[in-house]
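Numbering-wise (the working numbering), the sequence shown opens with residue 8 and increments by one.
Here the structure comes first, spelled out in structure tokens, and everything after it is commentary.
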Amino acid sequence: MGDLCVLIDRRDRRYLVRLTPGEKFHGTYGWIECDALIGQPPGLRARTSKGDTMAIYRPTLEDYVLLMPRAAQIVTPKDLAFIPYWADIFPGATVVEAGVGSGALTLALLRAVGVEGRVIAYELREEFANRARKNIEAWSDGLASRVELRLGDVNVELAGISGIDRVILDLPEPWATVPAAAPALVPGGIMLAYLPNTRQVDRLALAFLDHPAFAPPEVCEALVRPWVADRERLRPSLRMVSHSGFLVRARRRPAR
Ligand code: SAH
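Shown next, in the form of structure tokens:
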């Protein structure tokens, strides 16, 4: 497979392109031959057939996640950044994740667990699992070797495993996972769920409060306000993601 690039035009439109010999990239402001880019060091400018210049970089993980094909709605970048920290995903951790959807959160978790860690990721729907597998494998820095992508219901599959450091959920009914997550988690382990709706937050918070193996839950949301910064203006941009999901976390209590 050729290298992945992100091509950025003068309007800041971004295109994810895999450099393939003999092929052309076609954008709004003309085309560029892939052959002119192959073998070049990353971070350059290229001229299109219409005389425009485009900046060409290796994609950041954020570029990639926003441009990769989607099966389900992805976790937004502000949450992808905060979840690994708030769930204390550490290098070497063993993490269970569900559902996988498009694989955006999986990629963030795979980075955080490092070369010694692993993510066991469950997805109910085969077509989503296949999409996520392709997305993870196409991201080219070897993260795919740290993931075990399994088809199945996390509530059933968790029953057979133990020694899990973290359980990270982006699915509609995470309270149903609480009974199976408790014995699977190591003492001190953390379960975190991403939830769009406060009714879900309430239900999960109560499930944690009712379960003797979990310490009282904590709830938060991450808000990021982007700014415009050019020669004339330095101010908040007019639009922001005002809501995506709430985060709920709880710790597995010590064994005794
Ligand atoms: N976090 C993903 C998006 C997940 S969308 C991303 O960032 O790309 C929610 C997914 O959960 C859906 O694909 C759905 O099929 C899956 N799902 C729902 N309930 C599940 C369960 N009990 N076990 C495994 N997967 C489940």
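Ideal Cβ positions, reconstructed from N, Cα and C, are used throughout, including at glycine.
Query raised in the report: Hey, D280 and S251 are a contact pair by Cβ (cut 8 Å); roughly how many whole angstroms apart?
Result: Residue 280 is absent from the structure shown; the chain starts at 8 and stops at 263.
Query raised in the report: Counting only runs that start and end within the region 138-189, where is the beta strand (DSSP E) found for 3 or more residues in a row?
Result: Runs of the beta strand (DSSP E) inside the region 138-189: 154-158, 171-176.
Report task. Check Y129 in the structure and name its three-state DSSP category. Result -> Indexing the sequence shown from 1 puts residue 129 at position 122. If DSSP states are grouped into helix, strand and coil, Y129 belongs with the strands.
Query raised in the report: So F253 is in the beta strand (DSSP E); what residue range does that whole segment cover?
Result: Sequence index remark: in the sequence shown, residue 253 carries index 246 (1-based). Run containing F253: 253-258, per the beta strand (DSSP E) assignment.
Query raised in the report: What are the residues that DSSP puts in a beta bridge with Y22?
Result: Position 15 of the sequence shown, counted from the start, is the residue given in the question as residue 22. BP columns for Y22 point to L14.
Report task. Give a single yes or no on whether P179 has its beta carbon closer than 8 Å to a heavy atom of the ligand SAH. Result -> Walking along the sequence shown from the start, residue 179 turns up at place 172. Yes, Cβ of P179 sits closer than 8 Å to a heavy atom of the ligand SAH.
Report task. Please state if the CB of L131 and the CB of G106 are separated by a distance shorter than 9 Å. Result -> For this step, residue 106 is matched to residue 99 along the sequence shown. For this step, residue 131 is matched to residue 124 along the sequence shown. Yes, Cβ-Cβ distance for G106 and L131 is below 9 Å.
Query raised in the report: Does the region 113-121 touch the region 190-199, meaning 3 or more C-beta pairs lie closer than 8 Å?
Result: no
Report task. Indicate whether the contact test is met: 3 or more Cβ pairs, each with one atom in the region 218-232 and one in the region 133-146, closer than 8 Å. Result -> no
Requested in this report: Quick one: give me the first and last residue of the beta strand (DSSP E) that G225 is part of.
Outcome: Counted from its first residue, the sequence shown places residue 225 at position 218. It is Glu, not Gly, that sits at residue 225 in the sequence shown. From DSSP, the beta strand (DSSP E) with E225 extends over 225-227.
Requested in this report: Please indicate yes or no: does the CB of R173 lie closer than 8 Å to some heavy atom of the ligand SAH?
Outcome: Residue mapping note: residue 173 aligns to position 166 of the sequence shown, counting from 1. It does not: the Cβ of R173 is nowhere closer than 8 Å to a heavy atom of the ligand SAH.
Query raised in the report: When you compare only the Cα positions, how much space is there between E180 and G9?
Result: Start at 1 with the first residue of the sequence shown, and residue 180 comes out as number 173. Start at 1 with the first residue of the sequence shown, and residue 9 comes out as number 2. Cα to Cα, the separation comes out at about 40 Å.
Query - Three-pair Cβ contact test at 8 Å for the region 164-174 versus the region 201-216 - result: no
Query raised in the report: Is the closest heavy atom of the ligand SAH to the C-beta of T205 under 8 Å?
Result: To locate residue 205, count along the sequence shown from 1; it is residue 198. No - the ligand SAH has no heavy atom lying nearer than 8 Å to the Cβ of T205.
Query - Pairwise C-alpha distance: F253 and T205 - result: For the purposes of this step, residue 205 is identified with residue 198 of the sequence shown, where counting begins at 1. For the purposes of this step, residue 253 is identified with residue 246 of the sequence shown, where counting begins at 1. T205 and F253 have their C-alpha atoms spaced approximately 8 Å apart.
Query raised in the report: Under 9 Å between the Cβ atoms of I45 and P66?
Result: To locate residue 45, count along the sequence shown from 1; it is residue 38. To locate residue 66, count along the sequence shown from 1; it is residue 59. Contact flag unset, no.
Query - Cross-strand partners of A200 (DSSP beta bridge) - result: Locating residue 200 in the sequence shown gives position 193, where the first residue counts as 1. A200 pairs with L176, V255.
Query raised in the report: From what residue to what residue does the beta strand (DSSP E) around R54 run?
Result: On the sequence shown, residue 54 is found 47 positions in, with the first residue counted as 1. Residues 51-54.
**Report entry** Residue closest to D160, alpha-carbon to alpha-carbon, out of A187, R77, C12, R25
**Finding:** Numbered from 1 along the sequence shown, position 153 holds the residue referred to as residue 160. Residue A187 is the option with its Cα nearest to D160.
Query raised in the report: According to the Cβ coordinates, are I39 and G50 closer than 9 Å?
Result: As a working note, residue 39 is residue 32 in the sequence shown. As a working note, residue 50 is residue 43 in the sequence shown. Here I39 is not near G50, since their CB atoms are 9 Å or more apart.
Requested in this report: Could you spell out the range, first to last residue, of the beta strand (DSSP E) harbouring V235?
Outcome: On the sequence shown, position 228 is the one that residue 235 refers to. It spans 234-236 - the beta strand (DSSP E) in which V235 sits, taken as one unbroken run.
Report task. Have a look at P233, M198, A183 and flag the residue whose alpha-carbon is nearest the alpha-carbon of R210. Result -> Counting from 1 along the sequence shown, the entry for residue 210 is found at position 203. Considering only P233, M198, A183, the residue with the shortest C-alpha distance to R210 is A183.
Report task. Taking only the alpha-carbon atoms, compute the straight-line gap between T111 and Q207 and give it to the nearest angstrom. Result -> Indexing the sequence shown from 1 puts residue 111 at position 104. Indexing the sequence shown from 1 puts residue 207 at position 200. Reading off the sequence, residue 111 comes out as Ala, not Thr. The alpha-carbon atoms of A111 and Q207 are separated by roughly 22 Å.
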